Amino acid sequence: MTAPGASPTAPCRTYDDLVAQVRAGALGPDPRTQRIAVAFTTRQAVRHDGRGTGYRNEVLSLRLAEAVGSCAVEPGELPDGALDDCVGADVARLLEHPLTAVRVAALDAYLMHVTPHTPDHGAQPVALPAGSSLEKSTTRARAVVELLDLPADSTVLVVGVVNSLLAALRSRGLGYVPCDLKGGLTEWGEPVVVDALTAAESCDALLVSGMTLGNGSFEPLREHALRHGKQLVVFAQTGSAVLPRFLGHGVSAVCAEPYPFFWLDGGPGVVHRYSAPGGER
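In our numbering, the protein residues as written are 51 to 331.
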């Protein structure tokens, strides 16, 4: 695999540390002076050709100047008034909002504005060619799984089940334990566990969705990877500008995918890969 770029400047040790730095204006302009111009949600239902199961997505996105920050939510859980709360509000106020999704999307928008996904901030772009939703999903999955540096007999905990990612792991001869709060079965009839931390104990590496920022499970997983010296690779639509900040502090690599996501358009797209300098975790 081609080594992605170095980590962004000013990596942070914990999520709370990152939020505190943003609030203090240590990473860019005072968040009290940065106002959200547009707030919107994106809702999607999908069932790829040839797949036996489908799924739904819902994402809250906030626009700050040229940047868009996002946080996925469980479909239907976002209150109608959340968008009204965000429009015209400053980032500092939204970082204290009672809804986690609003706080994460605001943080993501601010960091996307301060450190966009460009090579000088450590991002390596990977092109997604035009194609069907399944073709683009498969190409993205390969870009994510290539960030794992593991022997073929390793087992990966996959938090946030995406069948294309599981297929990419299978193609590399890697075992996996699928994990998702909804439980259920994978496309291949494999049981999906719901307790990520318990499952992590028996896995060699972690492949984790950015949605863990929104449900509060990211920090425990990051701490587990750091404590045990395991690779933790994040595929991030949620918090795509947030998660590269933890490279070298439990996160070994990130595949960042800001809005608009691959499933919104059949044309060409791009994801951005980051890795910790010198293979640090």
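Beta carbons are placed, not taken as given, at the ideal position from N, Cα and C, and that holds for glycine. All figures in this text were calculated on a predicted structure; none of them were measured in a lab.
Would you say Thr64 and Val154 are within 8 Å of each other, going by their C-beta atoms?
-> No, these two residues do not count as a Cβ contact at 8 Å.
For Asp315, count neighbouring Cβ atoms within 10 angstroms of its own Cβ and tell me buried if that reaches 16, exposed if not.
-> With fewer than 16 other Cβ atoms within 10 Å, it is exposed.
Taking all protein chains shown into account, do 16 or more other C-beta atoms lie within 10 angstroms of the C-beta of Asp255, making it buried, or fewer, making it exposed?
-> Here the sequence assigns Ala to residue 255, which means Asp is not the residue at that position. With 16 or more other Cβ atoms inside 10 Å of its own Cβ, Ala255 counts as buried.
Under the three-state reduction of DSSP, which class applies to Gly239: helix, strand or coil?
-> Per DSSP, reduced to three states, the secondary structure at Gly239 is coil, with no helix or strand assignment.
If you check the beta carbons only, do Ser325 and Leu197 fall under 8 Å apart?
-> Yes, Cβ-Cβ distance for Ser325 and Leu197 is below 8 Å.
Between the CA atoms of Asp80 and Asp140 - distance to the nearest angstrom | Take the alpha-carbon of Asp140 and the one of Asp80: they are about 10 Å apart.
Can you find at least 3 beta carbon pairs, one from the segment 237–256 and one from the segment 200–214, that sit closer than 8 Å?
-> Taking a cut-off of 8 Å for Cβ pairs, the segment 237–256 and the segment 200–214 touch, as three or more such pairs fall below it.
Three or more beta-carbon pairs under 8 Å between the segment 114–126 and the segment 253–270, yes or no?
-> Verdict: yes, contact present.
Assuming Gly300 and Leu276 form a contact by the criterion Cβ under 8 Å, report the distance between their Cβ atoms to the nearest whole angstrom.
-> About 4 Å separates the two Cβ atoms, so the contact holds.
When burial is assigned at 16 or more other CB atoms within 10 Å of the CB, is Pro54 buried or exposed?
-> Any reading at Pro54 needs caution, since the residue's pLDDT is 44, under 50, leaving its predicted position unreliable; the model's value is listed next. So Pro54 counts as buried.
What are the boundary residues of the beta strand (DSSP E) that Val258 is part of?
-> For Val258, the enclosing beta strand (DSSP E) begins and ends at Ala255 to Ser259.
Leaving out five residues before and five after Arg106 in sequence, what residues of the same chain have Cβ atoms less than 7 Å from its Cβ?
-> Within the same chain, Arg106 has close Cβ partners Gln94, Ala95 and Pro125.
Out of Ala156, Cys136, Leu161 and Ser221, which has the shortest C-alpha to C-alpha gap to Arg295?
-> Per the C-alpha coordinates, the member of Ala156, Cys136, Leu161 and Ser221 positioned closest to Arg295 is Leu161.
Buried or exposed: Leu114, going by 16 or more other Cβ atoms within 10 Å of its Cβ?
-> Its Cβ being crowded by 16 or more others within 10 Å, Leu114 is buried.
Quickly, what does DSSP pair Phe285 with across the bridge? List them, please.
-> DSSP, once it has assigned bridges, lists Ser259 and Cys305 as partnering Phe285.
Out of curiosity, what's the CA-to-CA distance linking Gly234 and Asn213?
-> Between the C-alpha atoms of Gly234 and Asn213 there is a straight-line separation of about 13 Å.
Would you call the CB atoms of Leu145 and Ala132 closer than 8 Å?
-> For Leu145 and Ala132, no; Cβs fall outside 8 Å.
Can you give the Cα-Cα distance for Glu116 and Ser252, rounded to whole angstroms?
-> About 43 Å.
Residues bridged to Cys136 (per DSSP) | According to DSSP, which records beta bridges pairwise, Cys136 is partnered with nothing at all.
What is the DSSP secondary structure of Gly264, reduced to helix, strand or coil?
-> Of the three classes helix, strand and coil, the one that applies to Gly264 here is helix, per DSSP.
Same chain, Cβ closer than 7 Å to Leu224, five either side skipped, listed in chain order = Answer for Leu224: Leu200, Ala202, Ser204 and Val206, listed in chain order.
When DSSP labels each residue in this structure, what does Ala56 get in the three-state scheme?
-> Unreliable positioning characterises Ala56 in this predicted model, as indicated by a pLDDT of 40, which lies under 50. The coordinate reading is nonetheless provided below. Three-state result, Ala56: coil.
Any idea what DSSP makes of Ala142, helix, strand or coil?
-> Helix, per DSSP.
Boundaries (first-last residue) of the beta strand (DSSP E) holding Val321 | The continuous beta strand (DSSP E) containing Val321 extends over residues Gly319 to Ser325.
State the CB to CB distance for the pair Val227 and Ala249, rounded to an integer number of angstroms; the pair is presumed to be in contact (CB under 8 Å).
-> Right, their Cβ atoms sit about 5 Å apart.
Have a look at the DSSP bridge pairing and note the partners of Gln84.
-> None, per the DSSP bridge assignment.
Evaluate Ser290 with the Cβ neighbour count: other Cβ atoms within 10 Å of its Cβ, from every protein chain shown; 16 or more gives buried, anything less gives exposed.
-> That one is buried.
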